[in-house]
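Position 90, counted from 1, in the sequence shown is what my numbering calls 90; the numbers after and before it change by one each time, with no gaps.
Virtual Cβ for every residue (Gly too), placed ideally from N, Cα, C.
This one's a predicted model, so the numbers in the text were calculated from it and none came from an experiment.
Beneath this line is the structure, given in structure tokens, with notes to follow.
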Amino acid sequence: MARAARAGSARTLGLTALAGASAVLALLNWHLYTTPLDVSPLAPDTRTAESKEAKELELSTPLDDKPLIVFEETVQRPLFNADRKPIPRSKEVAEAPAQPLVTGMQLVGIVKSGAAPGRALIRFPGEPMGKWVPEGETVNGWHLTSVKAVSVVLEGNGRSQELKLQNVSSNEREKSDPPNEPRRKTR
Numbered sequence: 001m002a003r004a005a006r007a008g009s010a011r012t013l014g015l016t017a018l019a020g021a022s023a024v025l026a027l028l029n030w031h032l033y034t035t036p037l038d039v040s041p042l043a044p045d046t047r048t049a050e051s052k053e054a055k056e057l058e059l060s061t062p063l064d065d066k067p068l069i070v071f072e073e074t075v076q077r078p079l080f081n082a083d084r085k086p087i088p089r090s091k092e093v094a095e096a097p098a099q100p101l102v103t104g105m106q107l108v109g110i111v112k113s114g115a116a117p118g119r120a121l122i123r124f125p126g127e128p129m130g131k132w133v134p135e136g137e138t139v140n141g142w143h144l145t146s147v148k149a150v151s152v153v154l155e156g157n158g159r160s161q162e163l164k165l166q167n168v169s170s171n172e173r174e175k176s177d178p179p180n181e182p183r184r185k186t187r
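Structure below.
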């Protein structure tokens, strides 16, 4: 009997401790729920901006030295707004869609690297994979005579054919290839 009385008092003590812990957690939840949360942005520390150490630090990105007015559009049109719309751009002269060539060849990419001759990735009709053709080489009866920034000139069967890269912006057409740097353009 004494064991049963001790077991009953231990059980009562355990239930009391469990009820007390639950009450403490309920009070803590109520306190956290009713306490206001400050979500205002933090102001930068002015002491570090004026210190000598801050002036000696190098800029971490190229954008750090730009004036804030450059980012005005970013601030006015936040990225994660539901009503964010694309920037209205003036329609430049729309390029005509690429006409299928009589030969059926398609220029897929260009690589120019320093003094090395340029190479062109050309897809020939009936071949699912393109072929890399170095400048001055002949493939499928066509001789690659020159590799330009956005086009190549091929000669074969008594005629000359210029193939242009698809989807190249007008700004890239105006740029010249930088010397001694590889450049690859693909569609």
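Next on the checklist: Measuring alpha carbon to alpha carbon, tell me which residue in 14, 145, 75, 35 is nearest residue 156.
Outcome noted: Residue 156 sits at position 156 when you count from the first residue of the sequence shown. Comparing Cα positions, the closest option is 145.
Item to check | Separation of residue 62 from residue 116, as counted between CA atoms | outcome: Start at 1 with the first residue of the sequence shown, and residue 116 comes out as number 116. Start at 1 with the first residue of the sequence shown, and residue 62 comes out as number 62. Between residue 116 and residue 62, the C-alpha separation is close to 32 angstroms.
Item to check | Contacting residues, own chain, Cβ-Cβ under 7 angstroms from residue 8 (five flanking each side not counted) | outcome: Taking the first residue of the sequence shown as position 1, residue 8 is located at position 8. In its own chain, leaving out the 5 sequence neighbours on each side, no residue places its CB closer than 7 angstroms to the CB of residue 8.
Checklist entry - So who's on the other strand from residue 122, going by DSSP bridges? => result Within the sequence shown, residue 122 is the residue found at index 122, counting from 1. In the DSSP secondary-structure assignment, residue 122 is bridged to 107, 131.
Item to check | For residue 10, three-class secondary structure by DSSP | outcome: By one-based count along the sequence shown, residue 10 stands at place 10. DSSP places residue 10 in helix when its eight states are reduced to three.
Next on the checklist: Within a Cβ cutoff of 7 angstroms, which residues of the same chain sit near residue 189, ignoring the five residues on either side of it in sequence?
Outcome noted: Only positions 1 to 187 of the chain appear in this structure, which leaves residue 189 out of reach.
Checklist entry - Can you give the Cα-Cα distance for residue 40 and residue 13, rounded to whole angstroms? => result Taking the first residue of the sequence shown as position 1, residue 40 is located at position 40. Taking the first residue of the sequence shown as position 1, residue 13 is located at position 13. Their Cα atoms are separated by approximately 47 angstroms.
Next on the checklist: Relative to the C-alpha of residue 142, which candidate in 149, 133, 148, 37 has its C-alpha closest?
Outcome noted: As a working note, residue 142 is residue 142 in the sequence shown. Residue 133 is the option with its Cα nearest to residue 142.
Next on the checklist: Once DSSP output is grouped into helix, strand and coil, what is the label at residue 95?
Outcome noted: On the sequence shown, residue 95 is found 95 positions in, with the first residue counted as 1. Per-residue confidence for residue 95 stands at a pLDDT of 49, beneath the threshold of 50, marking its modelled position as unreliable; no derived number is given.
Checklist entry - Cβ of residue 141 versus every heavy atom of the ligand FAD: is any distance shorter than 7 angstroms? => result Ligands are entirely absent from the displayed structure, and the ligand FAD is therefore not among its contents.
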